[in-house]
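Down below is the structure, laid out as structure tokens.
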Amino acid sequence: MRSAFVFRTLVSSVVTALVVTAAPVPAAAGHDGGRGTGTPGDQPLPGFTVSNPPLAPALVGGVPTRVRQGIHAHAAYIIEVPPSWNGELLMWAHGYRGQGTVLTTEPPGFGLRQHLLDQGYAWAASSYYANGFDIRAGVLSTKALTELFGRLERRPHRTYVAGASMGGYVVGRSLEEYPSLYAGGLPFCGVMGDQRLIDYFLDFQVTAQALSGIRSYPPGSDYLTSVVPRIQGTLGIATINPLAPEPTNALGRQFRDIVVNLTGGPRPGAAAAFAQWKDFVFGLGAPAAASDTVAHDPGLIATNLFTVYSPNAPVNVNRTVQRVAPDRVAERLSSRLTQVPRIEGRPRVPVLSLHNIGDLFVPFSMEQQYRADVDRHGRGALLVQRAIRATGHCEFAPAEAATAWNDLVDWVEHRDRPAGDRVDRRSVAAADYGCRFSDPAAYAAGVGSRRLFAACP
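Here the sequence shown stands for residues -27 to -1, 1 to 430, where the numbers follow mature numbering (1 follows the signal peptide of the UniProt record, and there is no 0).
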């Protein structure tokens, strides 16, 4: 696993001269939550519309909840309060919505909505004031909604923050941006390795190109229709699938093993996960539409200048791979709340994180990177991580989510730190890795991708 500290130090030393002449971090529309745009806060920003259909109240003990919906600080929102509210609140951060212009909301996932309400917790969720890969919008809109909740209801005794995928990124940065606001964080399948997720997408493309001898970076308009099929054919991976995952030649096996190492190291289900995800991740190499913001083209901050690829045979990838510097150096190195910011690894409250070990979209290496960052800042006691045996993205059973929530609350309220999984590569490689917190009922029922893994002892 590449060291975040070494990586960032090297980048800083190499590009210091470039930063002198680099443009400042661009100010995108809505960078301050839309203040100063002249648009009233109860309307979306120009170019966006809202879809926030009425949410039917849930029932708690046969009594309906109270649901509020509207637009605040240019973002749609939902608030739901149970009939016997315990005075505590969960803020839910949604995942990536694509690059569209319709702002949408959602309740907490994985069965958590009803679970929270049954326990007496209120929840609130924002659409954010913008779509795209805009973590800043998520962080600011979520905070703005916590303030609105306090005015519409009353100020909560405690506020938690949870979210999935890009929403996990919002959780990680929110805990550092507003360290006194949230009592605990619960990221699911989160982008906890921050900008390094975008580096992985780049790594995937350029290593496949280096191994196949078909270079195509930056990608052209024919990348998906012509170039990728040729690369896959050369690597012998065009027809593999999770049930027959073995590449047909040594080049393909080297590529698979590089990807496995990039995403967390050898671990149960890795071959099936590679076969399941390879087409999708190749698709992430499609050329982005012309944009002047990182939220619309995250590849502007991607780099592999110091990535060491392994295994490095039969092809010497580290010598032949195309090296790419970030186009937006200042934005890459900034400690500010940019659209795609850094997570330093400085939580001040308990964080319980869940991740699927076979997810190659937001890979398990995100957890390893976050663990290294948190440990480096002496905050390791505030982080518990749990591995779930599935290859899907955000594939969690309700029991897994509910248990994690219950354990986080108990940790916050009673300082009873729950159990978790080690995420170092030696631990990850064990045949039973991920068994401890994976729901056996989901495996027995054959839910999702659970049966791609051997039964747990």
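Yeah, the Cβ is synthetic: ideal placement off N, Cα and C, and Gly gets one too.
- Item | the stretch 262 to 279 in contact with the stretch 196 to 205 per 3-pair CB rule at 8 Å | no
- Item | Minimum Cβ-Cβ distance from Y151 to chain D less than 8 Å | Looking at the structure shown, chain D is missing, and only one protein chain is on hand.
- Please go through the same chain and pick out, in chain order, the residues whose beta-carbon is closer than 8 Å to the beta-carbon of A286, but skip the five residues on each side of it. For the purposes of this step, residue 286 is taken as the residue at position 313 of the sequence shown. Counting only Cβ-Cβ distances below 8 Å, and skipping sequence neighbours, we find Q227.
- Query: Would you report the Cα separation of R424 and T280, rounded to the nearest angstrom?
  - Reply: To locate residue 424, count along the sequence shown from 1; it is residue 451. To locate residue 280, count along the sequence shown from 1; it is residue 307. When rounded, the distance between both Cα atoms is 33 Å.
- Query: When burial is assigned at 16 or more other CB atoms within 10 Å of the CB, is A414 buried or exposed?
  - Reply: Start at 1 with the first residue of the sequence shown, and residue 414 comes out as number 441. Exposed: under 16 other Cβ atoms inside 10 Å.
- Query: Among all the DSSP beta bridges, which residues are the ones paired with F161?
  - Reply: Start at 1 with the first residue of the sequence shown, and residue 161 comes out as number 188. Its beta-bridge partners are A137 and L327.
- Over what stretch of residues does the beta strand (DSSP E) that includes S422 continue unbroken? Locating residue 422 in the sequence shown gives position 449, where the first residue counts as 1. S422 -> no beta strand (DSSP E), and no H or E assigned at all.
- In the DSSP assignment, find the beta strand (DSSP E) that holds I52 and state where it starts and stops. For the purposes of this step, residue 52 is taken as the residue at position 79 of the sequence shown. Run containing I52: A48 to V54, per the beta strand (DSSP E) assignment.
- Does the stretch 342 to 360 come close enough to the stretch 316 to 326 to have 3 or more Cβ pairs within less than 8 Å? yes
- So, is G166 buried or exposed, given that buried needs 16 or more other C-beta atoms within 10 angstroms? Working through the sequence shown from its first residue, we reach residue 166 at position 193. G166 should be labelled buried.
- Pairwise C-alpha distance: L159 and W378: Here residue 378 corresponds to residue number 405 of the sequence shown, with the count starting at 1. Here residue 159 corresponds to residue number 186 of the sequence shown, with the count starting at 1. Each residue's alpha carbon lies about 7 Å from the other.
- Item | For T74, the nearest candidate out of N234, N104 and W65 (CA to CA) | Position 101 of the sequence shown, counted from the first residue, corresponds to residue 74. Of the candidates N234, N104 and W65, the one whose C-alpha sits nearest the C-alpha of T74 is N104.
- Query: In this structure, does DSSP put G272 in helix, strand or coil?
  - Reply: Walking along the sequence shown from the start, residue 272 turns up at place 299. Of the three classes helix, strand and coil, the one that applies to G272 here is helix, per DSSP.
- Message: According to DSSP, is T77 part of a helix, a strand, or is it coil?
- Response: For the purposes of this step, residue 77 is identified with residue 104 of the sequence shown, where counting begins at 1. DSSP places T77 in strand when its eight states are reduced to three.
- Query: Taking the C-alpha atoms as reference points, what is the distance between A243 and L224?
  - Reply: Residue numbering aside, residue 243 sits at position 270 when the sequence shown is read from its first letter. Residue numbering aside, residue 224 sits at position 251 when the sequence shown is read from its first letter. The straight-line gap from Cα to Cα measures roughly 17 Å.
- Item | C-alpha gap between F426 and S138, whole angstroms | Along the sequence shown, one-based indexing puts residue 426 at 453. Along the sequence shown, one-based indexing puts residue 138 at 165. Cα to Cα, F426 sits roughly 22 Å from S138.
- Task: Could you give the DSSP three-state label for N214: helix, strand or coil?
- Result: Here residue 214 refers to the residue found at position 241 of the sequence shown. Strand at N214.
- Message: Going residue by residue through the stretch 354 to 418, where are the continuous alpha helix (DSSP H) segments of at least 4 residues, counting only ones entirely within it?
- Response: 371 to 387, 398 to 401 and 413 to 417
- Compute the beta-carbon to beta-carbon distance between A66 and G123, rounded to the nearest angstrom, for a pair I have assumed lies under 8 Å. Taking the sequence shown and counting its residues from 1, the one referred to as residue 66 is at position 93. Taking the sequence shown and counting its residues from 1, the one referred to as residue 123 is at position 150. Contact flag wrong, Cβ pair sits at about 18 Å.
- Count the C-beta pairs between the stretch 397 to 404 and the stretch 365 to 376 that are closer than 8 Å, then say yes if the count reaches three, no if not. no
- Query: What residues are listed by DSSP as bridge partners for G43?
  - Reply: Here residue 43 refers to the residue found at position 70 of the sequence shown. Paired residue(s): Y50.
- Message: If I measure Cβ to Cβ from P37 and keep anything under 8 Å in the same chain, skipping five residues before and after, which residues do I get?
- Response: Here residue 37 refers to the residue found at position 64 when the sequence shown is read from its first residue. So the list reads P30, A31 and P56, once near-sequence residues are dropped.
- Message: In the DSSP output, which residue or residues are listed as bridge partners for T22?
- Response: To locate residue 22, count along the sequence shown from 1; it is residue 49. The partner list for T22 (beta bridge, DSSP) reads V75.
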